[in-house]
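Q: Residue numbers (the numbering used here): 26 to 504.
Below, the structure is given as structure tokens:
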């Protein structure tokens, strides 16, 4: 499981000796520099302690520096050996495993266990490895905890986790009923990869298939992590790896989405097979047998390839991801295009999800939308406008009466003038300074009146222009 671990020893001597034994087995973990290395001993001491202990005795500031490294989930410092330090009043949410080799009881034991049980991303729970038989002390501590007003469960029985895991497993098997994935364990990496497109089609063809499957696999993954190394968990781990790979391609977000992909359970990915994708992340285009497209181009060749896929529901999913990413990118620079294309995409997908249109028809409509988006990108060249000017032109063109009264040429001139006016008057903080906003509003209205923009439409056009300016102002103000 990705994260951190802590070993609690009975004495400083044991802590130092254990460190030496561990780095014999893993010499790459050792570093003398506090800023490097995967394993450290954190303890107090003095100049009178043995010479071999001195490298582990640090000042308060050096210990705090190590604490900051350990709290950082991405830092390579993964394993700490302690006696008393960091057992109370220390918080590292990514800490998931504690090896207990020290007698503890009561509040101190509860505090120590709590170090490994903090909520963190998709961590299903903390694991305490008990070498001394602390079950009786834990029961007493839990009784004290309950009597003092504590509520909720602090631990889960593994047999209970296994039973729930098998329930979720059967649900996954049920959703894939009729689909043979036996090559996942016996086939070549390429054969394994080739299973994913038809598997996606099988899931997507069912009502709310993607939503149901992804949700069940997410729960299964957490329960699997709690159940390992139980025999029942190890029996199904190959199937779990297939479910996870399928969940990954179904959940894979568009390239323009910068949010972290929390749907892939990293813990289980490290336990199960990585034969298909060494990084544990599946590329949905590769899984469908397609070259990853340049989203900014939306080439006819690529769209034709998607249209020709035998798995029609998968083709819809590919186009949805592709167009969603492109719309999100455009929305960051052109508010009108972003809104327009987003509404068109939502309308098509809503009818598809309601089974009002079949997959083949929705593919045709999505490809038409993709071509319209490509044509919209080329309009700027045809009008002699750069990307920023086109965004303001689109903001003005939303008013049909303005188009009919003024014509394209006048709107083009207004758009170019507005870009110059707005660009010369915005600052990084203009959107929160009312006086600057008011001044800019006056300047925009002045330009609209100058060229005869319909008076009854000027207020709405001004508001849209200011919204568009807000998208681009940070970039402009930085130049």
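A virtual CB, placed ideally from N, CA and C, is assigned to each residue, including glycine.
Of the residues 187, 131, 153 and 196, which one's Cα is nearest the Cα of residue 162?
A: Position 137 of the chain shown holds residue 162. Checked all of 187, 131, 153 and 196; the closest Cα to residue 162 is 131.
Q: What residue range does the alpha helix (DSSP H) around residue 129 cover?
A: Position 104 of the chain shown holds residue 129. Element bounds for residue 129: n/a, residue is neither H nor E.
Q: DSSP three-state label for residue 29, please.
A: In the chain shown, the residue the question calls residue 29 occupies position 4. In this structure, residue 29 counts as strand in the three-state DSSP scheme.
Q: Expressed to the nearest angstrom, what Euclidean distance is found between the alpha-carbon atoms of residue 439 and residue 476?
A: Your numbering for residue 439 matches position 414 in the chain shown. Your numbering for residue 476 matches position 451 in the chain shown. C-alpha separation (whole angstroms): 7 angstroms.
Q: Rounded to the nearest angstrom, how far is the Cβ of residue 144 from that of residue 40, given a contact under 8 angstroms?
A: Within the chain shown, the letter at position 119 stands for residue 144. Within the chain shown, the letter at position 15 stands for residue 40. Rounded, the Cβ-Cβ distance is 28 angstroms, inconsistent with contact.
Q: Does residue 201 come out as helix, strand or coil in the three-state DSSP assignment?
A: Counting from one through the chain shown, the residue named residue 201 turns up at place 176. DSSP places residue 201 in coil when its eight states are reduced to three.
Q: In this structure, does DSSP put residue 113 in helix, strand or coil?
A: Looking up residue 113 in the chain shown gives position 88. Note: residue 113 maps to coil in three-state DSSP.
Q: Which of the three DSSP states is assigned to residue 235 in this structure?
A: For the purposes of this step, residue 235 is taken as residue 210 along the chain shown, with counting starting at 1. It is helical.
Q: With H, G and I counted as helix, E and B as strand and the rest as coil, what does DSSP make of residue 253?
A: One-based indexing of the chain shown puts residue 253 at position 228. DSSP places residue 253 in coil when its eight states are reduced to three.
Q: Determine the extent of the beta strand (DSSP E) in which residue 263 is found, giving its start and end residues.
A: One-based indexing of the chain shown puts residue 263 at position 238. No beta strand (DSSP E) contains residue 263, which is instead part of the alpha helix (DSSP H) from 262-276.
Q: Can you give me the C-alpha to C-alpha distance between residue 119 and residue 398, rounded to a whole angstrom?
A: By 1-based counting over the chain shown, the position of residue 119 is 94. By 1-based counting over the chain shown, the position of residue 398 is 373. Roughly 43 angstroms separates the two Cα atoms.
Q: Kindly list the residues whose CB is nearer than 6 angstroms to the CB of residue 385, restricted to its own chain and excluding five residues on each side of it in sequence; keep chain order.
A: Residue numbering aside, residue 385 sits at position 360 when the chain shown is read from its first letter. Around residue 385: 337.
Q: If you measure between the beta carbons of residue 59 and residue 37, is that distance less than 9 angstroms?
A: Numbered from its first residue, the chain shown carries residue 59 at position 34. Numbered from its first residue, the chain shown carries residue 37 at position 12. Cβ distance not < 9 angstroms, so residue 59 and residue 37 don't count as in contact.
Q: Enumerate in chain order the residues of its own chain whose CB-to-CB distance from residue 227 is below 6 angstroms, with the five nearest sequence positions on each side excluded.
A: One-based indexing of the chain shown puts residue 227 at position 202. Excluding residues within five positions, the ones whose Cβ falls inside 6 angstroms are 204.
Q: Would you kindly work out how many angstroms separate the C-alpha atoms of residue 305 and residue 80, rounded to a whole number?
A: Residue mapping note: residue 305 aligns to position 280 of the chain shown, counting from 1. Residue mapping note: residue 80 aligns to position 55 of the chain shown, counting from 1. Below a pLDDT of 50, predicted positions are generally treated as unreliable, and residue 305, at 33, falls in that range; the measurement from the model is reported next regardless. Those two C-alpha atoms are separated by around 38 angstroms.
Q: Considering only the beta carbon of each residue, do residue 92 and residue 115 sit closer than 9 angstroms?
A: Mapped onto the chain shown, residue 92 falls at position 67. Mapped onto the chain shown, residue 115 falls at position 90. Contact: yes.
Q: Taking Cβ to Cβ, would you say residue 188 is nearer than 9 angstroms to residue 103?
A: Position 163 of the chain shown, counted from the first residue, corresponds to residue 188. Position 78 of the chain shown, counted from the first residue, corresponds to residue 103. No, Cβ-Cβ distance for residue 188 and residue 103 is not below 9 angstroms.
Q: Taking the C-alpha atoms as reference points, what is the distance between residue 90 and residue 105?
A: Position 65 of the chain shown, counted from the first residue, corresponds to residue 90. Position 80 of the chain shown, counted from the first residue, corresponds to residue 105. Distance between the alpha carbons of residue 90 and residue 105: 13 angstroms.
Q: Expressed to the nearest angstrom, what Euclidean distance is found between the alpha-carbon atoms of residue 231 and residue 201?
A: Working through the chain shown from its first residue, we reach residue 231 at position 206. Working through the chain shown from its first residue, we reach residue 201 at position 176. If you take the alpha carbons of residue 231 and residue 201, they lie about 10 angstroms apart.
Q: If you run the structure through DSSP and keep just helix, strand and coil, what is residue 400?
A: Indexing the chain shown from 1 puts residue 400 at position 375. Of the three classes helix, strand and coil, the one that applies to residue 400 here is helix, per DSSP.
Q: Hey, does residue 96 have any beta-carbon neighbour from chain C nearer than 9 angstroms?
A: Chain labels in this structure do not include chain C; a single protein chain is all it has.
Q: Excluding the five sequence neighbours on either side, which residues of its own chain have a C-beta within less than 6 angstroms of the C-beta of residue 291, listed in chain order?
A: If you number the chain shown from 1, residue 291 lands on position 266. Residue confidence is low: residue 291 scores 40 on pLDDT, short of 50, so the model does not pin down where it sits. No coordinate-derived value is stated.
Q: Name the DSSP bridge partner or partners of residue 65?
A: Reading the chain shown from its first residue, position 40 is the one you call residue 65. Answer by DSSP bridge pairing, in chain order: 105.
Q: With a CB to CB cut of under 8 angstroms and the five nearest residues on each side skipped, what residues in its chain are close to residue 134?
A: The residue you call residue 134 lines up with position 109 of the chain shown. Answer for residue 134: 159, 162, 163 and 166, listed in chain order.
Q: Using a Cβ-Cβ cut-off of 7 angstroms (strictly less than) and excluding sequence neighbours within five positions of residue 206, which residues of its own chain qualify?
A: For this step, residue 206 is matched to residue 181 along the chain shown. So the list reads 220, 224 and 267, once near-sequence residues are dropped.
Q: So for residue 213, helix, strand or coil by DSSP?
A: In the chain shown, the residue the question calls residue 213 occupies position 188. Coil at residue 213, not helix or strand.
Q: Using DSSP bridges, identify the partner residues of residue 153.
A: Walking along the chain shown from the start, residue 153 turns up at place 128. 123.
Q: Is it true that the CB of residue 138 sits closer than 9 angstroms to the CB of residue 153?
A: In the chain shown, counting from the first residue as 1, residue 153 sits at position 128. In the chain shown, counting from the first residue as 1, residue 138 sits at position 113. Yes; because the gap between Cβ atoms is below 9 angstroms, this pair is in contact.
Q: Excluding sequence positions up to five away, which residues of its chain have a Cβ less than 6 angstroms from the Cβ of residue 449?
A: On the chain shown, position 424 is the one that residue 449 refers to. Same-chain partners within the cutoff: there are none.
Q: Using alpha carbons as the reference points, say which of 185, 216 and 469 lies closest to residue 514.
A: Nothing in the structure corresponds to residue 514, since the chain is present only between 26 and 504.
Q: List the endpoints of the continuous alpha helix (DSSP H) containing residue 39.
A: As a first step, residue 39 is located in the chain shown; it is residue number 14 there, counting from the start. First-last of the alpha helix (DSSP H) with residue 39: 37-50.
Q: Could you tell me the alpha carbon to alpha carbon distance between residue 406 and residue 412, rounded to whole angstroms?
A: Working through the chain shown from its first residue, we reach residue 406 at position 381. Working through the chain shown from its first residue, we reach residue 412 at position 387. If I take the Cα positions, the gap works out to 9 angstroms.
Q: If residue 512 sits next to residue 269, beta carbons under 8 angstroms apart, how far is it from one beta carbon to the other, in whole angstroms?
A: This structure cannot settle anything about residue 512, because the visible part of the chain is limited to 26 through 504.
Q: To the nearest angstrom, how far is the alpha carbon of residue 157 from that of residue 95?
A: By 1-based counting over the chain shown, the position of residue 157 is 132. By 1-based counting over the chain shown, the position of residue 95 is 70. Distance between the alpha carbons of residue 157 and residue 95: 26 angstroms.
Q: Using the rule of at least 16 other Cβ atoms within 10 Å of the residue's Cβ for burial, across every protein chain shown, is residue 127 buried or exposed?
A: To locate residue 127, count along the chain shown from 1; it is residue 102. It is buried - the Cβ of residue 127 has at least 16 other Cβ atoms within 10 Å.
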